[in-house]
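One structure below.
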Amino acid sequence: MTDLAQTATGAPANEAEANARRRAQVRRSLARRNRAETRFKMLGLGSVLAAMAFVAILFGNILSNGLPAFWQFTLETEITFDPEVINVPDRPVRQAGQSDADYQAEMLGWQRRLAMVNWNRLLIAGVESAMAEDGVTTEIDARSAQSIIDSGARFVLRDMVIADPSIIGQTRRLNLLLSADGDNWAKEKLSRNLPDERQQLSRPARDVIDALMESGSVHRSFAWHIFTNVDSRSSPASAGLAGAFMGSFYMMLVVLLLAVPIGVASAIYLEEFAPKNRVTDLIEVNINNLAAVPSIVFGLLGAAVFINIFHLPLSAPLVGGLVLTLMTLPTVIIATRSSLRAVPPSLRQAALGIGASKTQMVFHHVLPVTYPGILTASILGVAQALGETAPLLLIGMNAFVANIPATPLDQSAALPVQIYLWQGNENRNFFEERTFAAIIVLLALMILLNALAIWLRSRLERKA
Amino acid sequence: MNATNNSGPMGGNRIVPSAPASAASAVSRISAKDVTVHYGEKQAIFGVSMEVPEKSVTAFIGPSGCGKSTFLRCFNRMNDTIEGCKVGGKITIDGEDIYDPSLDVVELRARVGMVFQKPNPFPKSIYDNIAYGPRIHGLVKNKAETDELVESSLKKAGLWKEVHDRLDAPGTGLSGGQQQRLCIARTIATGPEVILMDEPCSALDPIATSIVEDLIHELKEQYTIIIVTHSMQQAARVSQKTAFFHLGKLIEYGETEQIFVNPKEKQTEAYITGRIG
């Protein structure tokens, strides 16, 4: 346009020159802009790669340290349930006319007798029979032989007899866990060059393990007991995560049942129904602040309120769940409110326009389109709660608990706290690996929860 | 029909007597008297009074921001949903004050339906879009009745032929024009007496617009329609009466033909000849 106009006025030469100059200027600035853009892209790419590298290093480290823990060394040997050692009367049979209480008392008496049996003698005999079978002739004293097998094996044998007393007098081929020290030696976690006094096992025990490994009686087996056993201090090799897993499971249940409904309900009330005034502004500011409160403060609150005032039991998943609920609530409320706010006003108008009441508008139209957002927020909130450790320490969940909680009111461990406890265990050689194994289990659960969130979100969004 | 002369609270605004109502059919059921609307401190509507004739189309025209949509939303109290919006004056339907505190706004909105500027079907099936209103108002008792109502509403909105074989498809999957007719069908389904339309064609292409205009033409046999429009041609095509708003005041209100052919006010003339707006 200008070109034509100017040409018409009769200054074509000047004009062409000016245009060329302008184009050159633009081109120069263009080069500068392109350089800036390239620089920014490289920076972005660099930081993404750096972040990926850190994640890779983290996961590589955790997996390489933790995966070996899922395979533990076991001794495959014949165990003879020697009636001379297991010197107990027959399992009581219920007599006609015997009362329930009497029968129970008799049964317990019988089991107490079983508990008194010197099971170690059977284990030592087991080690010896494996040696005889494989032709290992090393001289070994009873104490050293006993130190090869995990002390938890005693309870395995006892439980077999309780389940089936007819086993007494028979011989069974069993796969017994090596003790933690034995496992360390077999996995070469201790330098073999250390002098005897710095080794955890005596020389004969070490030699026997080596010989039995050579002949194949001592070999690696998948450590299922990590998932089925509870924590143990006396028999660390058989320590497992079942108790901690159930504790975390109950806590997540409490969080899911409390934080999600309460959080969503408060978000709906605040966003859709509450009058906008100074009080609701104050509540909003406080909720936002609560989301930033350090989690250990919630633990203190839990100890003060739930335990001191309401006298709920210490170390109980219920209390842990309540504390984690407090911590998760602001996250759920904030996320739900922002998804409610993101619903286009046209949808609200449509509902109100045909005479829906406000409640009908919210529950029939607004809420359904926010389900994906609310769901994702809830699952991520629960995942965050699952990994939280600090507040649980303050309500006694760092106690050593060696049973699987049957109800949320029983004492229990929790996965992240179990990691913390194992990390601090004095048998470093053995528990370092075990700690990483627990981290793998916790991370696997987290990844599962996040994947669930992503899957549900895409599914619900496709539906909407 | 005579509009009353009156002064708004700010004073000085004039309501011009409209052309004498020639048609005897123009019985007024809706009447607004001295209506004012404030958004917080800002006043948007200054003392507007008018009588809206039954079973005809009344168009509100005026430049952007003149308050015509705000005034329209007074008739089904959609302004209630806007934070800080205050409505003064009196609006009656059949002599009943719709701002009476004892009146349930949900009932009012069942009587006074509304079609919005942008088609806004629910993100549900076509069937559920229509059936939702009658269901919540308890107008249908069983599936057969609902089916019947859905069919008749879609037929009235001229959409039945196009969608009868895919009632389960999402309403949001229709074209813009079809969506708007779906919204009209949805409004009709609750059996309203009055239908408010807030620039119903502004998001539609010319062909869809003309279909919707034909539909409005048919609907006025049964319903009282008030339509806000940016297009003066549309107002001329579909309406019997036209109200011209400017800066929150009703400048002129009368028979559509008279407004466009022989406006009494200089501002009206300036607007319809394209000098303001």
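In order, the protein sequence lines correspond to chains A and B.
Per our numbering, the first sequence starts with residue 1, numbered consecutively.
Per our numbering, the second sequence starts with residue 1001, numbered consecutively.
Beta carbons: idealized from backbone N, C-alpha and C, even for Gly.
Give a yes or no on whether the C-beta atoms belonging to residue i and residue j are separated by under 9 Å.
{"i": "Asp390(A)", "j": "Ala399(A)", "result": "Position check: residue 390(A) holds Ala in this sequence, whereas Asp was assumed. Taking 9 Å as the Cβ cut-off, Ala390(A) and Ala399(A) do not qualify as a contacting pair."}
{"i": "Gly320(A)", "j": "Val254(A)", "result": "yes"}
{"i": "Val1035(B)", "j": "Ser1049(B)", "result": "yes"}
{"i": "His1137(B)", "j": "Glu1151(B)", "result": "no"}
{"i": "Ala350(A)", "j": "Cys1183(B)", "result": "yes"}
{"i": "Asp1214(B)", "j": "Gly1177(B)", "result": "no"}
{"i": "Leu114(A)", "j": "Val85(A)", "result": "no"}
{"i": "Glu1199(B)", "j": "Val1228(B)", "result": "yes"}
{"i": "Val1052(B)", "j": "Arg1111(B)", "result": "no"}
{"i": "Asp1205(B)", "j": "Gly1171(B)", "result": "no"}
{"i": "Val332(A)", "j": "Ala267(A)", "result": "yes"}
{"i": "Gly243(A)", "j": "Ile404(A)", "result": "yes"}
{"i": "Ser234(A)", "j": "Leu75(A)", "result": "no"}
{"i": "Pro317(A)", "j": "Met246(A)", "result": "yes"}
{"i": "Leu176(A)", "j": "Gly126(A)", "result": "yes"}
{"i": "Ala1243(B)", "j": "Thr1081(B)", "result": "no"}
{"i": "Val1037(B)", "j": "Thr1070(B)", "result": "yes"}
{"i": "Ala259(A)", "j": "Gly381(A)", "result": "yes"}
{"i": "Ala1208(B)", "j": "Gln1233(B)", "result": "no"}
{"i": "Glu284(A)", "j": "Leu300(A)", "result": "no"}
{"i": "Ala69(A)", "j": "Ala223(A)", "result": "yes"}
{"i": "Leu1247(B)", "j": "Cys1066(B)", "result": "yes"}
{"i": "Gln411(A)", "j": "Pro330(A)", "result": "no"}
{"i": "Ile1130(B)", "j": "Ala1189(B)", "result": "yes"}
{"i": "Asn65(A)", "j": "Phe430(A)", "result": "no"}
{"i": "Glu78(A)", "j": "Arg158(A)", "result": "no"}
{"i": "Ile1098(B)", "j": "Phe1075(B)", "result": "yes"}
{"i": "Ala130(A)", "j": "Ala180(A)", "result": "no"}
{"i": "Lys1155(B)", "j": "Leu1219(B)", "result": "no"}
In the DSSP assignment, find the beta strand (DSSP E) that holds residue i and state where it starts and stops.
{"i": "Pro1053(B)", "result": "1042-1053"}
{"i": "Val1057(B)", "result": "1057-1061"}
{"i": "Asp1198(B)", "result": "1194-1198"}
{"i": "Lys1249(B)", "result": "1249-1255"}
{"i": "Gly1113(B)", "result": "1112-1115"}
Going by DSSP, name the residue or residues bridged to residue i.
{"i": "Leu174(A)", "result": "Thr77(A)"}
{"i": "Gln72(A)", "result": "Ser221(A)"}
{"i": "Pro1170(B)", "result": "Ser1125(B)"}
{"i": "Ala1032(B)", "result": "Met1050(B), Ile1091(B)"}
{"i": "Thr1224(B)", "result": "Val1194(B)"}
{"i": "Glu461(A)", "result": "None; Glu461(A) has no bridge partner."}
{"i": "Tyr1039(B)", "result": "Lys1042(B), Cys1085(B)"}
{"i": "Asp134(A)", "result": "Partner(s): none; Asp134(A) has no beta bridge."}
{"i": "Ile149(A)", "result": "Leu178(A)"}
{"i": "Asp1097(B)", "result": "Thr1092(B)"}
Which residues mark the beginning and the end of the alpha helix (DSSP H) in which residue i is found?
{"i": "Tyr269(A)", "result": "Looking at the DSSP string, Tyr269(A) is not in any alpha helix (DSSP H), and its letter there is neither H nor E."}
{"i": "Lys1241(B)", "result": "Note, Lys1241(B): premise wrong, no alpha helix (DSSP H); beta strand (DSSP E) at 1241-1246."}
{"i": "Tyr420(A)", "result": "415-423"}
{"i": "Cys1074(B)", "result": "1068-1074"}
{"i": "Ala377(A)", "result": "367-386"}
{"i": "Arg27(A)", "result": "12-66"}
{"i": "Ile404(A)", "result": "From DSSP, Ile404(A) is part of no alpha helix (DSSP H); its letter is neither H nor E."}
{"i": "Phe310(A)", "result": "Premise fails: Phe310(A) is in no alpha helix (DSSP H) and is neither H nor E."}
{"i": "His1217(B)", "result": "1206-1219"}
{"i": "Lys1266(B)", "result": "1266-1272"}
{"i": "Gln349(A)", "result": "345-353"}
{"i": "Lys1118(B)", "result": "Looking at the DSSP string, Lys1118(B) is not in any alpha helix (DSSP H), and its letter there is neither H nor E."}
Following a CB-centred definition, is residue i positioned closer than 8 Å to any heavy atom of the ligand SAM?
{"i": "Ser315(A)", "result": "This structure simply doesn't include the ligand SAM, nor any ligand for that matter."}
Along chain D, which residues have their Cβ under 7 Å away from the Cβ of residue i?
{"i": "Arg1186(B)", "result": "In the displayed structure, chain D is absent; the protein chains listed are A and B."}
Would you check if the stretch 1139-1148 of chain B and the stretch 1216-1226 of chain B touch, i.e. whether three or more CB-CB distances between them fall below 8 Å? no
Is the stretch 21-31 of chain A touching the stretch 392-410 of chain A, taking contact as three or more C-beta pairs under 8 Å? no
Should the stretch 415-429 of chain A be regarded as contacting the stretch 43-51 of chain A, the criterion being three or more beta carbon pairs within less than 8 Å? no
Say whether the stretch 108-116 of chain A touches the stretch 150-162 of chain A, bearing in mind that this needs 3 or more beta-carbon pairs closer than 8 Å, one atom from each stretch. yes
Are at least three pairs of beta-carbons, each pair with one atom in the stretch 285-294 of chain A and one in the stretch 356-375 of chain A, less than 8 Å apart? no
Segment contact flag, the stretch 69-85 of chain A with the stretch 114-124 of chain A, C-beta cutoff 8 Å, min 3 pairs: Contact between the stretch 69-85 of chain A and the stretch 114-124 of chain A is present, with at least three C-beta pairs closer than 8 Å.
I'd like to know if the stretch 330-341 of chain A and the stretch 372-379 of chain A are in contact, where contact means that at least 3 CB-CB pairs between them fall below 8 Å. yes
Sufficient close CB pairs (3 or more, under 8 Å) joining the stretch 133-150 of chain A to the stretch 198-205 of chain A: The answer is yes - the stretch 198-205 of chain A touches the stretch 133-150 of chain A, with three or more Cβ pairs under 8 Å.
Three or more C-beta pairs closer than 8 Å, one from the stretch 438-445 of chain A and one from the stretch 277-286 of chain A: is that the case here? no
At what residue ranges does the stretch 220-249 of chain A contain a whole run of the beta strand (DSSP E), taking only runs of 3 or more? none
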